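Peer 1: I have a structure I would like to understand better, so I am pasting it below and will then ask my questions one at a time.
Numbering (the UniProt record's numbering), first residue to last: 1 to 297.
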């Protein structure tokens with residue numbers, strides 16, 4: 001007799017009293033119900049715990065309290081406690097907008113026993129400015145693609161194989177930015193990555209987050225790239241290209257936000273890591289122009 005695959009839903013929550021019930025509602029509405037939902041209250045200072053404890057659930061709902069340590073540690077706490085064959089991640093301020101999300105993903109898991117990651121398309125709402133649909137479909141070497149950028153449509157869209165997630169140690173808490181991408185890369189190295197081609201989640205994002213912390217996120221990105229290169233060593237030429245690709249979004253958004261001081265700092269780092277690859281890219285034009293102007297003064 002075929003065993004039904006079980007799912008543990010993992011929700012890290014920090015000061016989520018306004019959104020957590022909505023997120024839980026979207027889980028309870030699934031046509032394929034999970035075996036359990038684990039909410040990890042990450043040291044919230046609001047009434048997140050009270051909302052979860054008062055929530056009426058038809059399936060086991062566990063609340064775990066931890067001191068504030070960031071979403072990676074919170075998710076890892078839930079991963080350690082999870083009993084399901086698969087882990088479904090959901091952030092407390094996101095929504096599963098398709099009632100068939102888990103059913104569609106479990107169908108893929110049954111069809112592809114070598115899968116370690118199954119995501120879906122995602123609707124992303126950006127700063128009241130625009131809405132776009134993330135539609136990355138992973139048909140090629142997912143690990144190589146993840147070396148360049150995060151091709152997983154959203155963390156809240158992911159269904160990941162529990163055994164493999166635990167095998168690689170879950171999320172790396174030393175990274176406060178990009179820890180999800182590193183986990184997906186680790187999983188891609190060990191199995192297949194598939195995508196359900198339906199929009200199943202809704203997420204709000206902010207474009208200012210990337211550069212708002214100055215060089216802090218860039219430091220984390222550099223740590224991430226080093227860890228990715230350890231997973232899959234490449235030629236020196238390819239390494240330079242990878243560094244450039246991983247700096248590009250910071251360069252672009254620093255210019256867009258008119259953070260020219262920050263742009264110049266990033267440009268120097270980019271040149272040191274990628275050399276002529278940076279000088280030949282369009283992102284070097286402002287940097288070269290500023291150098292020429294400074295020479296003429």
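For glycine and all other residues, C-beta sits at the position ideal for the given N, C-alpha and C. The structure displayed is predicted, hence computed values, not measured ones.
In this structure, how does DSSP classify residue 225 when only helix, strand and coil are distinguished?
Peer 2: Three-state result, residue 225: helix.
Peer 1: Please work out which residues of its chain come closer than 6 Å, Cβ to Cβ, to residue 142, disregarding the five sequence neighbours upstream and downstream, and give them in chain order.
Peer 2: Excluding residues within five positions, the ones whose Cβ falls inside 6 Å are 188, 193.
Peer 1: Could you spell out where the alpha helix (DSSP H) holding residue 25 opens and where it closes?
Peer 2: Here the alpha helix (DSSP H) through residue 25 covers 20 to 28.
Peer 1: Measure the C-alpha to C-alpha separation of residue 96 and residue 201 and round it to an integer number of angstroms.
Peer 2: Distance between the alpha carbons of residue 96 and residue 201 is about 4 Å.
Peer 1: Taking C-alpha atoms, which residue in 40, 178, 182, 51 lies nearest to residue 22?
Peer 2: Of 40, 178, 182, 51, the residue nearest in Cα terms is 51.
Peer 1: Among the residues of its own chain, which have a CB less than 6 Å from the CB of residue 119, if the five just before and after it don't count?
Peer 2: The residues are 152, 153, 157, 158, 195.
Peer 1: Between the stretch 230 to 239 and the stretch 249 to 257, can you find at least three pairs of beta-carbon atoms closer than 8 Å?
Peer 2: Touching, no, given that fewer than three Cβ pairs across the two stretches are closer than 8 Å.
Peer 1: Where does residue 140 land, buried or exposed, given buried means 16+ other C-beta within 10 angstroms?
Peer 2: It counts as exposed.
Peer 1: Determine the extent of the alpha helix (DSSP H) in which residue 106 is found, giving its start and end residues.
Peer 2: That run of the alpha helix (DSSP H) goes 101 to 111.
Peer 1: Enumerated in chain order, which unbroken segments of the beta strand (DSSP E) with a length of 3 residues or greater are wholly contained in the stretch 152 to 190?
Peer 2: List check, beta strand (DSSP E) in window: 159 to 161.
Peer 1: Does the stretch 6 to 24 touch the stretch 83 to 92, meaning 3 or more C-beta pairs lie closer than 8 Å?
Peer 2: Counting Cβ pairs under 8 Å, three or more are found: they touch.
Peer 1: In terms of residue numbering, what span does the alpha helix (DSSP H) encompassing residue 64 cover?
Peer 2: Premise fails: residue 64 lies in the beta strand (DSSP E), 61 to 66, not in any alpha helix (DSSP H).
Peer 1: Does the ligand HEM have even one heavy atom less than 7 Å from the beta-carbon of residue 145?
Peer 2: Judged by which ligands are present, the structure shown has none, so any question about the ligand HEM falls away.
Peer 1: Between which two residues does the beta strand (DSSP E) harbouring residue 42 extend?
Peer 2: Unbroken beta strand (DSSP E) run through residue 42: 36 to 42.
Peer 1: In angstroms, rounded to a whole number, what distance separates the CA positions of residue 277 and residue 244?
Peer 2: Spanning the two alpha carbons is a distance of roughly 7 Å.
Peer 1: Select from 68, 170, 100 the residue whose C-alpha is nearest the C-alpha of residue 28.
Peer 2: Here the closest residue by C-alpha is 100.
Peer 1: According to the neighbour-count rule (16 or more other Cβ atoms, all chains shown, within 10 Å of its Cβ), is residue 18 buried or exposed?
Peer 2: So residue 18 counts as exposed.
Peer 1: Inspect the CB distances between the stretch 159 to 170 and the stretch 51 to 60 and report whether three or more fall short of 8 Å.
Peer 2: Contact fails: fewer than three Cβ-Cβ distances are below 8 Å.
Peer 1: Starting from residue 300, trace the beta strand (DSSP E) both ways and give me its first and last residue.
Peer 2: Outside the modelled stretch of the chain, which goes from 1 to 297, sits residue 300, for which no answer is possible.
Peer 1: Starting from the Cα of residue 203, find the closest Cα among 37, 115, 26 and give me that residue.
Peer 2: Closest by alpha carbon: 26.
Peer 1: Looking at residue 190 and residue 77, is the spacing between their C-beta atoms short of 8 Å?
Peer 2: In this structure, residue 190 does not lie closer than 8 Å to residue 77 by Cβ.
Peer 1: Residue 34: buried (16+ other C-beta within 10 angstroms of its C-beta) or exposed?
Peer 2: Buried is the call here.
Peer 1: For residue 52, decide whether its Cβ has a neighbour in chain B, counting only Cβ atoms nearer than 8 Å.
Peer 2: The structure shown contains no chain B; it is built from a single protein chain.
Peer 1: Since residue 5 and residue 110 are thought to touch, with beta carbons under 8 Å apart, how far apart are those beta carbons, to the nearest angstrom?
Peer 2: Sure, about 7 Å apart at Cβ, within 8 Å.
Peer 1: Based on the DSSP output, what are the partners of residue 12 in its beta bridges?
Peer 2: Answer is 40.
Peer 1: Identify whether residue 119 lies in helix, strand or coil by the three-state DSSP scheme.
Peer 2: In the structure shown, residue 119 sits in a strand (DSSP, three-state: E or B).
Peer 1: Could you compute how far the alpha carbon of residue 70 sits from the alpha carbon of residue 8?
Peer 2: The alpha-carbon atoms of residue 70 and residue 8 are separated by roughly 20 Å.
Peer 1: Suppose contacts are defined by Cβ-Cβ distances below 8 Å. Is residue 263 in contact with residue 247 by that definition?
Peer 2: Their beta carbons are not under 8 Å apart, which means residue 263 does not touch residue 247 by this criterion.
Peer 1: So what does DSSP say about residue 217, is it helix, strand or coil?
Peer 2: Helix, per DSSP.
Peer 1: For residue 280, report the span of its alpha helix (DSSP H) as first-last.
Peer 2: Residue 280 -> no alpha helix (DSSP H), and no H or E assigned at all.
Peer 1: Return the CA-CA distance between residue 282 and residue 218, expressed in angstroms with no decimal places.
Peer 2: About 20 Å.
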